[in-house]
Each structure stands twice: as structure tokens, then as C-alpha cells.
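For reference, the structure discussed in these notes is given below.
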């Protein structure tokens with residue numbers, strides 16, 4: 001017992017600390033946490049690469065805008081106004097949605113992340129952007145208006161076609177009796193001439 005007490009009393013603090021660190025390092029929770037850190041690092045690196053590509057894309061778009069502005073100053077308009085408006089609405093909606101998500105992502109790192117499952121789902125789900133919804137609402141109204149205009153055009157064309165067919169049919173009906181009357185008169189005249197010529201021939205024979 002004396003030897004055991006002597007050995008325990010002379011345990012080095014460094015050796016006990018290294019033993020505890022080794023046990024913590026070999027814990028399954030630590031392995032899982034290390035995996036989380038590695039995955040977070042990979043996600044951030046992919047995001048950084050996409051951010052660099054996005055920055056380069058923005059620069060190219062700015063150059064394109066400057067080039068088109070110079071063409072416009074020279075009186076050249078390469079794209080139709082309606083087409084350019086559609087492209088502008090598309091660009092506005094998507095960049096607004098992208099900016100909203102980026103801002104939400106950066107602000108989420110400044111606040112404690114919710115631990116409740118419902119809050120996590122609500123945070124992960126993308127919220128609709130006002131600009132995006134307004135763009136699709138305008139597109140829906142525009143398409144409905146175009147559809148209504150085309151339906152009115154089709155109805156007008158069908159009405160005009162029906163009127164033309166009606167006029168053509170009535171004109172044909174007016175012409176047909178005259179043709180029959182003329183034919184009847186010709187037949188009666190031929191019959192009269194034949195009977196008259198037969199009576200004349202009888203008088204001659206007598």
C-alpha cells in the first residue's frame with residue numbers, strides 16, 4: 001500500500017493532462033466535430049470560388065452596358081425596347097433575390113443560430129422576394145392581356161368570315177332565280193317559234 005501511495009503521489013501533471021487530451025481527441029463527438037469543420041471549410045471554399053466568378057460576371061456585364069451606352073450615343077439601338085425591358089425585369093428579379101439571400105447569410109453569422117427544428121427549416125427555406133413576386137405578377141397580367149387580345153382578334157376574324165359567307169350565299173341565291181327565269185323564257189320562246197312554224201307549214205300545205 002505504501003508503494004502505491006508513493007507512486008500515485010508522484011504522478012506528473014503533464015502526463016495527466018496529455019492523457020486527458022488524448023481521451024478527448026479520441027472521443028466520437030470530437031471526430032464528428034472535426035468532420036463538421038472540414039465540411040464547413042469545403043463549403044466556404046466553393047462559395048468563395050463562385051463569388052469570384054460572380055464578381056468577374058458583374059465586371060463583364062458592366063463592360064457590356066458601357067459598350068451599349070456608347071452605341072446608343074451614336075444613334076444605334078441593337079435590341080428592341082420590349083426585349084430589353086424583358087431582360088431587365090429578369091435581371092432585376094434574380095439579382096434582388098440573390099442580394100437578399102447573401103444579406104440573410106451574412107446576417108445569420110452575427111446572431112445565434114436557432115436550435116429548434118421548425119426554426120431551422122424556416123431559416124433554410126428561401127423566402128419569396130417582393131421584386132421577384134412583383135415581376136411574375138406583372139408577367140402574368142401581361143400574358144393574360146395578350147391572351148384576351150388574341151381571343152378578341154379570333155372572334156372578330158370569325159365574325160368577318162361568317163359575314164362574308166352570308167353575303168356570298170345571299171348573292172348566289174339572287175343570281176340563281178334569274179338564271180332559271182332566263183332559261184325558262186328561252187324555252188318558252190323556242191316552243192312558241194316551233195309551234196308557229198308548224199302552223200305556217202300547215203297553211204302552206206293547204
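Numbering (the UniProt record's numbering), first residue to last: 1 to 206.
Note that beta-carbon positions come from the ideal geometry of N, C-alpha and C, so glycine has one too.
What you are looking at is a predicted structure, and each value in this text was computed from that prediction instead of being measured.
- request: Decide if residue 38 is buried, meaning its Cβ has at least 16 other Cβ atoms within 10 Å, or exposed.
  value: The sequence position of residue 38 within the chain shown is 38, counting from 1. Here residue 38 is exposed: its Cβ has fewer than 16 other Cβ atoms, across all protein chains shown, within 10 Å.
message: In the DSSP assignment, the alpha helix (DSSP H) including residue 74 goes from what residue to what residue?
response: By 1-based counting over the chain shown, the position of residue 74 is 74. Unbroken run through residue 74: none, as it is neither H nor E.
task: Give the single residue among 100, 93, 68 whose Cα lies nearest to the Cα of residue 135.
output: The residue you call residue 135 lines up with position 135 of the chain shown. When C-alpha distances from residue 135 are compared across 100, 93, 68, the shortest belongs to 93.
message: For residue 166 and residue 160, what's the separation of their Cα atoms in angstroms?
response: Residue 166 sits at position 166 when you count from the first residue of the chain shown. Residue 160 sits at position 160 when you count from the first residue of the chain shown. Distance between the alpha carbons of residue 166 and residue 160 is about 10 Å.
Straight-line gap, residue 149 to residue 58 (C-alpha atoms, nearest Å): Within the chain shown, numbered from 1, the residue matching residue 149 stands at position 149. Within the chain shown, numbered from 1, the residue matching residue 58 stands at position 58. One C-alpha to the other measures close to 39 Å.
field: Closest residue to residue 51 among 155, 33, 99 (Cα-Cα distance)
entry: The count along the chain shown starts at 1 and reaches residue 51 at position 51. Closest option to residue 51, judged by alpha-carbon separation, among 155, 33, 99: 99.
message: I need the DSSP call for residue 170, collapsed to helix, strand or coil.
response: Stepping through the chain shown from its first residue, residue 170 is reached at position 170. Reduced to three states, the DSSP call for residue 170 is helix.
- request: For residue 27, name the three-state secondary structure that DSSP assigns.
  value: Taking the chain shown and counting its residues from 1, one reaches residue 27 at position 27. The answer is coil: DSSP assigns residue 27 none of H, G, I, E or B.
message: What does the alpha-carbon distance come out to for the pair residue 115 and residue 140?
response: Position 115 of the chain shown holds residue 115. Position 140 of the chain shown holds residue 140. At residue 115, the pLDDT of 49 sits below 50, so the modelled position is not reliable; the number obtained from the coordinates is stated separately. Taking the straight line joining both Cα atoms gives about 39 Å.
- prompt: Using CA coordinates, which residue listed in 146, 88, 109 is at the minimum distance from residue 65?
  reply: Counted from its first residue, the chain shown places residue 65 at position 65. Here the closest residue by C-alpha is 88.
message: Assuming residue 108 is part of the alpha helix (DSSP H), what are its boundary residues?
response: Along the chain shown, read from residue 1 onward, the residue named residue 108 stands at position 108. Taken as a continuous stretch (DSSP letters only), the alpha helix (DSSP H) holding residue 108 covers 81-108.
field: Rounded straight-line distance, which links the Cα of residue 33 to that of residue 97
entry: Along the chain shown, read from residue 1 onward, the residue named residue 97 stands at position 97. Along the chain shown, read from residue 1 onward, the residue named residue 33 stands at position 33. Roughly 32 Å separates the two Cα atoms.
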